[in-house]
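Residue 1435 is where the sequence shown starts when you use the working numbering, and the numbers rise one by one after that.
Structure first, then comments.
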Amino acid sequence: MERTDKHEFRVVLDGIELSDQQKRRISAAVQKAALGALAQADVRLGDALVLGHSGPRLRPEWLGIWVIDGSRAAELGPAVERQLFRDG
């Protein structure tokens, strides 16, 4: 059964050659726009986990931003921290 509280908005640049610097700039702009849109829409978040990723070396297919709230954020937060400290 699909969750009804999950909403996905995607930006896909297909067939466009980008340098790592261009990818970082675009990813940062997408992150800024997403957080600005949440603020303008007056979205109320509890203990949200916000993951912004601009480093193409980590996982290029994950460039962008994830905002996770509620019990799923509490579950994923410690795992993300462990991964960051391990890789960082």
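Note that beta-carbon positions come from the ideal geometry of N, C-alpha and C, so glycine has one too.
Here the structure is a predicted model, which is why all the values come from computation and not from measurement.
Exercise. Identify whether V1484 lies in helix, strand or coil by the three-state DSSP scheme.
Key: strand
Which residue marks the beginning of the beta strand (DSSP E) containing I1499, and which one marks its end?
In the DSSP assignment, I1499 falls within the unbroken beta strand (DSSP E) covering 1498-1502.
query: Assuming L1483 contacts V1514 under a Cβ cut-off of 8 Å, what Cβ separation, rounded to an integer in Å, is found between them?
result: 7 Å
Check: Buried or exposed: I1450, going by 16 or more other Cβ atoms within 10 Å of its Cβ?
Finding: exposed
message = Looking at G1498: is its Cβ nearer than 8 Å to the Cβ of S1453?
response = no
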